[in-house]
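Undergrad: Have a look at the structure that comes next, please.
Numbering (my numbering), first residue to last: 1064 to 1250.
What follows is the structure, given as C-alpha cells:
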C-alpha cells in the first residue's frame, strides 16, 4: 500500500526492486518477478492453481492477483484469507474483473469470429486513453499512469463492494432457498 512505485526498464534499477511487475522479462514468484512478456510464458489461473477453472493466459495483473489476491481481499474485508467470503469473492472478482484484463492484455478476443461492434469503453480502453496523444507536445506519461492507477483501483474497490454487499448476500439467500426447497408448510 505504501510501496514506492518505480517505472523503469533499466535492469540495474529493476535488480534493486523488491517486486517487479510487467517488465524485466521473467516470471519468478520466489523472487517476486511478475512479467508475462516472454515467449515461453503460458501460465493461466488453472495452471498455477489447479483448483481454479480459468484457462485464459495471465497478464501481469493476473499474476499479481493469483499470488496476492486472497491476501489483499482478506485485508480489505477484515476476513480470514482462507474463509468462505474471501474464497467466493476471489473467484467472482477474477471471473468478472481480472480475467478480462488478462485476456485484453494478451490480445485474446472475447469470442471467435468477427466482432459485430467495437468495444470502446472497457477499462483497458479507458486506461489507454490516459496516455498522451500522439500530437501532445508533452509526452510525459507519469500523470496518466497515476490517473490509471486511481481509475483501476477505484473500479476494483467498487466491484469488490458490490460483490461483497449485494451479490454475496443474494447468493446466500438462493443457497438457503435451495436447501429448504423440500420443507413444506401446511396452511
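Cβ atoms here follow ideal geometry from the backbone N, Cα and C, with glycine treated the same way.
In whole angstroms, what separates the C-alpha of residue 1129 from that of residue 1086?
TA: Sequence index remark: in the chain shown, residue 1129 carries index 66 (1-based). Sequence index remark: in the chain shown, residue 1086 carries index 23 (1-based). Straight-line Cα distance between these residues: approximately 17 Å.
Undergrad: Where does residue 1165 sit, in a helix, a strand or coil, going by DSSP?
TA: Sequence index remark: in the chain shown, residue 1165 carries index 102 (1-based). In this structure, residue 1165 counts as helix in the three-state DSSP scheme.
Undergrad: Alpha carbon to alpha carbon, how far is residue 1223 from residue 1131? Give it in angstroms, no decimals.
TA: Locating residue 1131 in the chain shown gives position 68, where the first residue counts as 1. Locating residue 1223 in the chain shown gives position 160, where the first residue counts as 1. Whole-angstrom Cα-Cα distance: 15 Å.
Undergrad: Taking residue 1084 and residue 1123 to be in contact with their CB atoms under 8 Å, please state how far apart those CB atoms are, rounded to whole angstroms.
TA: Position 21 of the chain shown, counting from 1, holds the residue named residue 1084. Position 60 of the chain shown, counting from 1, holds the residue named residue 1123. That pair is a contact at about 5 Å.
Undergrad: Here's the rule I'm using: 16 or more other beta-carbon atoms within 10 Å means buried, otherwise exposed. How should residue 1234 be labelled?
TA: Taking the chain shown and counting its residues from 1, one reaches residue 1234 at position 171. By the 10 Å Cβ count, residue 1234 comes out exposed.
Undergrad: Exposed or buried, which one is residue 1163 when buried takes at least 16 other CB atoms within 10 Å?
TA: Residue mapping note: residue 1163 aligns to position 100 of the chain shown, counting from 1. With 16 or more other Cβ atoms within 10 Å, it is buried.
Undergrad: Take every Cβ of the segment 1101-1108, pair it with every Cβ of the segment 1145-1152, and state whether three or more of those distances are shorter than 8 Å.
TA: Contact fails: fewer than three Cβ-Cβ distances are below 8 Å.
Undergrad: Rounded C-beta distance between residue 1156 and residue 1226? I'm assuming under 8 Å.
TA: Taking the first residue of the chain shown as position 1, residue 1156 is located at position 93. Taking the first residue of the chain shown as position 1, residue 1226 is located at position 163. Yes, residue 1156 and residue 1226 are in contact; Cβ-Cβ is about 7 Å, under 8 Å.
Undergrad: Give me the DSSP bridge partner(s) of residue 1096.
TA: Within the chain shown, the letter at position 33 stands for residue 1096. In the DSSP output, where bridge partners are listed per residue, residue 1096 has 1083 and 1091.
Undergrad: Quick one, which of 1187, 1142 and 1154 has its alpha-carbon nearest residue 1170's?
TA: Numbered from its first residue, the chain shown carries residue 1170 at position 107. The option with the nearest alpha carbon to residue 1170 is 1187.
Undergrad: Are residue 1107 and residue 1121 close, meaning C-beta to C-beta below 8 Å?
TA: Translated into the one-based positions of the chain shown, residue 1107 becomes position 44. Translated into the one-based positions of the chain shown, residue 1121 becomes position 58. Cβ atoms of residue 1107 and residue 1121: closer than 8 Å.
Undergrad: Buried or exposed, going by whether 16 or more other CB atoms sit within 10 Å of the CB of residue 1203?
TA: Looking up residue 1203 in the chain shown gives position 140. Exposed: under 16 other Cβ atoms inside 10 Å.
Undergrad: If I follow the unbroken alpha helix (DSSP H) through residue 1217, where does it start and stop?
TA: Taking the chain shown and counting its residues from 1, the one referred to as residue 1217 is at position 154. Counting along the chain, the alpha helix (DSSP H) containing residue 1217 begins and ends at 1205-1225.
Undergrad: Could you compute how far the alpha carbon of residue 1068 sits from the alpha carbon of residue 1082?
TA: Walking along the chain shown from the start, residue 1068 turns up at place 5. Walking along the chain shown from the start, residue 1082 turns up at place 19. Near 10 Å, if we compare the C-alpha coordinates of residue 1082 and residue 1068.
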